[in-house]
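I have placed the structure first, in the form of structure tokens, so that the comments after it can refer back to it.
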Amino acid sequence: MLNLLKPIAMHEESVKEFKMDFIFPKKGTTVLAAAAIVGLVLTLLGFFAGGIDGHRFWANILLNGFMIIGLCLGAGFFVAVHLISESGWQTAVQRIGEAIASRIWLGALMMILIIFGAHSLYHWTHTEDLDALLQMKQPYLNLPFFIARMLFYLAGWIFLLGKIRQVSLMSDTNPDMKLFYRLRTYSAVFVVFFAITSSTASWDWLMSIDAHWFSTLYGWYTFSGLFVNAIAVIIIFLVVLQKMGYMQHVNEEHMHDMGKYLFGFSIFWAYLWISQYLLIWYANIPEETTYFVTRIKGFETLFYLNLIICFVAPFFALMSRGSKRKSDWLLYVSIIVFMGHWVDLYLAIMPGAVGAEHAHIGLFEIGMTLVYVSVFAWFVFKALTKAKLVPENHPFYKESFDYENIK
3 MLNLLKPIAM HEESVKEFKM DFIFPKKGTT VLAAAAIVGL VLTLLGFFAG
53 GIDGHRFWAN ILLNGFMIIG LCLGAGFFVA VHLISESGWQ TAVQRIGEAI
103 ASRIWLGALM MILIIFGAHS LYHWTHTEDL DALLQMKQPY LNLPFFIARM
153 LFYLAGWIFL LGKIRQVSLM SDTNPDMKLF YRLRTYSAVF VVFFAITSST
203 ASWDWLMSID AHWFSTLYGW YTFSGLFVNA IAVIIIFLVV LQKMGYMQHV
253 NEEHMHDMGK YLFGFSIFWA YLWISQYLLI WYANIPEETT YFVTRIKGFE
303 TLFYLNLIIC FVAPFFALMS RGSKRKSDWL LYVSIIVFMG HWVDLYLAIM
353 PGAVGAEHAH IGLFEIGMTL VYVSVFAWFV FKALTKAKLV PENHPFYKES
403 FDYENIK
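In our numbering, the protein residues as written are 3 to 409.
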């Protein structure tokens with residue numbers, strides 16, 4: 003069927019209705035720069051006034067680095083899976099996902115930093131003080147192999163997401179259908195590579211913090227979190243662009259679909275969370291329960307708040323059909339979900355890397371996150387200026403405007 007398709011361009015008068023070339027205003031740069039400066043000041047105040055030790059410092063580097071690279075991977079997966087499935091509606095918002103995913107190199111740089119703090123983050127790097135169980139895991143959990151795996155993951159992600167972005171931009175000036183087939187091929191390879199490496203990376207970077215503990219659901223759980231977080235961030239950028247006068251081609255139907263994604267994958271995240279928790283609770287094996295006991299006893303408020311922010315809030319806020327079609331409402335819910343999954347990552351990292359006695363959310367945590375988010379947002383906005391906001395030569399371009407959700 004696809005061989006019969008030809009690239010469909012909008013009528014000239016329709017193209018003029020919408021701004022397709024994004025220009026990031028100086029005011030936007032000023033706002034993000036101010037936010038980064040405020041974040042830096044808070045970080046320094048927290049560091050010098052709060053007595054931040056190496057464990058807490060590097061745990062925050064890991065938290066924010068993983069959050070950023072997770073957003074890039076989640077956005078890349080969103081684009082790739084729709085290209086493979088020949089989805090039409092997402093063409094209207096595809097370039098936002100592409101722009102976020104194209105900053106994968108920035109996330110990679112942030113993650114590489116943790117190599118220098120591995121000794122503060124991972125107990126298994128203390129080779130002189132390992133018990134029998136960790137000695138058995140040494141063939142896998144050793145620093146040279148850890149670094150090699152990290153570089154392999156990062157190189158593969160950067161290459162494949164870079165190719166998806168490159169071919170997509172080439173299609174703006176060349177309507178040849180071969181470019182769409184090539185785009186679909188790179189997307190398929192990325193999805194397979196991502197399916198494997200997202201799990202192994204979560205084992206390496208997060209689960210191995212608590213090296214004596216493991217969960218066969220951990221990779222899926224981490225994927226669900228980073229993907230729903232990426233959906234939330236795509237919605238945030240989409241609504242912000244609309245408020246700036248762009249993306250006016252995106253209507254209630256598109257917002258409805260984005261809202262359904264946010265709603266559905268918030269439930270999926272909760273399903274995996276409760277599945278992992280109940281299996282460990284029911285078995286009641288000390289080696290497994292220690293993970294949750296540490297978090298419930300030392301981080302009780304955050305432990306339950308995490309469930310409320312990541313599941314209960316979006317579940318009730320987006321349950322009705324109308325709520326998924328309102329841009330402002332989706333913006334607010336997306337911000338809440340984004341904050342919730344920051345807390346989720348905090349709970350994955352801090353109990354094992356820092357401990358309940360020394361870990362808390364203070365100026366240092368807030369400031370560093372503000373710096374990372376501001377810098378990342380600036381780079382994403384700059385990526386959006388590099389191409390039209392809609393891939394006009396995409397074979398399903400017209401279809402993305404002419405569809406309705408079932409009532």
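Yeah, the Cβ is synthetic: ideal placement off N, Cα and C, and Gly gets one too.
Answer yes or no: do G369 and G52 have a C-beta to C-beta separation smaller than 8 angstroms?
Taking 8 angstroms as the cut-off, the beta carbon of G369 is found no closer than this to the beta carbon of G52.
Does DSSP classify K326 as helix, strand or coil?
helix
Rank V235, T296 and F192 by C-alpha distance to the C-alpha of L73 and give the top, closest one.
Comparing Cα positions, the closest option is V235.
Three-state secondary structure assigned by DSSP to D23:
strand
For a quick check, are the C-beta atoms of F383 and F26 less than 8 angstroms apart?
yes
Contained alpha helix (DSSP H) runs [length at least 4] in the segment 288-357, N- to C-terminal order
Listed in chain order, they are 288-300, 302-309, 315-319 and 329-355.
For A197, count the other beta carbons within 10 Å of its own beta carbon; 16 or more makes it buried, fewer makes it exposed. Which is it?
exposed
Quick one: Cα of F50 to Cα of E401, how far?
56 angstroms
Three-way DSSP call (helix, strand, coil) for K400 in this model:
If DSSP states are grouped into helix, strand and coil, K400 belongs with coil.
Confirm, please, whether the CB-CB distance from G76 to N231 is below 8 angstroms.
yes
How is K390 classed by DSSP in three states: helix, strand or coil?
strand
Proximity to G324 [Cα-Cα], best of K299, F294 and G261
The shortest C-alpha separation from G324 is found at G261.
Spatial neighbours of A272 within its chain, please: CB distance less than 6 angstroms, with the 5 preceding and 5 following residues excluded, ordered by chain position.
F313
For L108 and F381, which I take to be in contact (beta-carbon distance under 8 angstroms), what is that distance rounded to the nearest angstrom?
6 angstroms
Round the Cβ separation of T93 and V392 to the nearest angstrom and send it over; I've been treating them as touching at under 8 angstroms.
7 angstroms
Where Y279 and G266 are concerned, what is the direct C-alpha to C-alpha distance, given to the nearest angstrom?
Approximately 20 angstroms, taken between the alpha carbons.
In this structure, does DSSP put M113 in helix, strand or coil?
Three-state DSSP puts M113 in a helix.
First and last residue of the alpha helix (DSSP H) that includes E254?
E254 to A285
Bounding residues of the alpha helix (DSSP H) (the contiguous stretch that carries Y223):
Y220 to K245
Thinking just about the alpha-carbon of each residue, which of M172, I166, W205 and S204 is nearest to the one in T187?
I166
Length of the line joining the Cα atoms of I337 and I238:
7 angstroms
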